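Heads up: the structure comes next, in structure tokens.
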Amino acid sequence: MEQFHLIIVTGMSGAGKTHVVQVLEDIGYFCIDNIPPVLIPKFAELCIQGGERVRHVALVADIRGGQFFDAMSQSLKELKEQGVSYEIVFLEANDRVLVRRYKETRRVHPLAPHNRISQGIAEERLKLAELREEADFIIDTSNMKPGELKEVLKKKFAISERGKGLSVMVVSFGFKHGLPIDADIVEDVRFLPNPFYIEAYRHKSGRVPVVRDYIEGFPITQTFMRKWFDMVDFLLPNYEREGKSQLVIAVGCTGGLHRSVCMAEAMYRHLKKNGMDVAIEHRDIEKNDVEEDVSDDEKL
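Counting along the sequence shown from 1, when you hit position 7 you're at 6 in numbering that gives the first Met the number 0, and nothing is skipped either side.
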């Protein structure tokens with residue numbers, strides 16, 4: 000019998016939990032939104048007793064549950080005592096993005112019905128700090144398009160293809176913010192022409208077409224891309240033959256806004272075209288002074 004798989008989705012309000020549940024449902028999970036944590040152990044027990052019919056379950060539990068959410072720690076303890084294996088997926092985003100999302104949707108923050116949104120966000124971070132420490136998978140959706148988040152989830156939690164083949168995550172970052180700790184391959188692109196010194200491009204990300212065209216328009220960039228793509232194409236099947244199932248390719252420039260973003264997108268497109276299971280993340284875009292990235296309708 001296939002092992003029971005439980006995902007508990009939680010995190011900051013406005014970080015994209017609803018979208019996560021929709022994606023997980025699409026790939027075959029039985030999903031319940033806003034379940035009181037006190038009910039989780041009993042519900043898991045019922046699912047296990049249900050046999051093959053309910054083997055992959057995703058539950059959303061967050062501070063919308065009010066006082067019921069305080070039972071989360073006890074419920075997780077009960078799951079462990081019952082021998083139920085689970086993964087906690089924690090969704091977060093930076094304060095500026097969360098405030099923007101609330102203003103766009105005109106929603107009221109559950110912890111600040113009569114106060115500023117920023118006050119509710121601050122209080123929520125404190126309440127969730129301990130749970131975040133226990134999370135198995137933290138996803139920062141600040142710079143993610145819905146399609147990018149979907150690919151990350153499909154790569155991590157796919158049912159039919161779980162454990163098959165090599166999956167790749169391409170991550171852009173800024174060296175001044177530190178290396179990604181889970182990187183397998185690190186590519187330094189600080190030798191490429193820097194749009195930062197062009198006033199019109201300084202506050203635009205490497206995903207903006209004019210910035211991308213500027214970076215990719217230089218012969219040195221085209222030469223680098225050909226050699227880099229060729230090297231990665233050589234490495235991936237060899238990693239896979241050695242039994243590696245996940246690979247993180249990190250691409251870094253100074254601040255993580257222009258060159259690394261552009262080149263990460265180029266690598267992502269290249270691998271996608273070649274049929275690879277690939278996802279992309281731009282870790283440090285929002286740590287810069289960004290005036291233009293992608294259109295709002297492409298964001299979560």
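Don't be surprised by glycine CBs; every beta carbon is placed ideally from N, CA and C. In this text the structure is predicted, and so the values were computed from the model without any measurement.
Bridge partners of residue i, per DSSP?
| i | result |
| --- | --- |
| D139 | E91 |
| H281 | S171 |
| L5 | V56 and Y85 |
| V250 | S171 and E186 |
| E291 | K203 |
| Q21 | None, per the DSSP bridge assignment. |
| I31 | L58 |
| Q245 | S166 |
| G10 | L90 |
| D276 | S166 |
To the nearest angstrom, report how far apart residue i and residue j are at their CA atoms.
| i | j | result |
| --- | --- | --- |
| R268 | D276 | 11 Å |
| G254 | H176 | 7 Å |
| A249 | S259 | 9 Å |
| A134 | K79 | 15 Å |
| E44 | H257 | 49 Å |
| N273 | D69 | 47 Å |
| K222 | K102 | In the sequence on display, residue 222 carries Thr and not Lys. Cα-Cα distance, rounded: 44 Å. |
| L125 | L234 | 43 Å |
| D181 | V151 | 15 Å |
| S141 | A121 | 16 Å |
| H4 | I138 | 19 Å |
Let me confirm a value: residue i is counted as buried when at least 16 other C-beta atoms fall within 10 Å, else exposed. Which label applies?
| i | result |
| --- | --- |
| P208 | exposed |
| R161 | Because the pLDDT at R161 is just 45, under 50, the model does not fix this residue reliably, and the value given afterwards should be weighed accordingly. With fewer than 16 Cβ atoms within 10 Å of its Cβ, R161 is classed as exposed. |
| P112 | exposed |
| Y28 | buried |
| E280 | buried |
| D25 | exposed |
| V107 | exposed |
When you compare the CB positions of residue i and residue j, do they come within less than 8 Å of one another, or not?
| i | j | result |
| --- | --- | --- |
| V247 | D183 | yes |
| P109 | R54 | no |
| S204 | R282 | no |
| F136 | K154 | no |
| I116 | V96 | no |
| A265 | M230 | no |
| G251 | F195 | no |
Can you tell me where the alpha helix (DSSP H) with residue i in it begins and where it stops?
| i | result |
| --- | --- |
| F42 | I39 to Q48 |
| A128 | I116 to E133 |
| G146 | P145 to F156 |
| F233 | P218 to R240 |
| I197 | Looking at the DSSP string, I197 is not in any alpha helix (DSSP H), and its letter there is neither H nor E. |
| P208 | P208 to E215 |
| R268 | R258 to K272 |
| K79 | M71 to E80 |
Closer than 7 Å: is that where the CB of residue i sits relative to any heavy atom of the ligand NAD?
| i | result |
| --- | --- |
| G173 | The ligand NAD is absent from the structure shown, which contains no ligands of any kind. |
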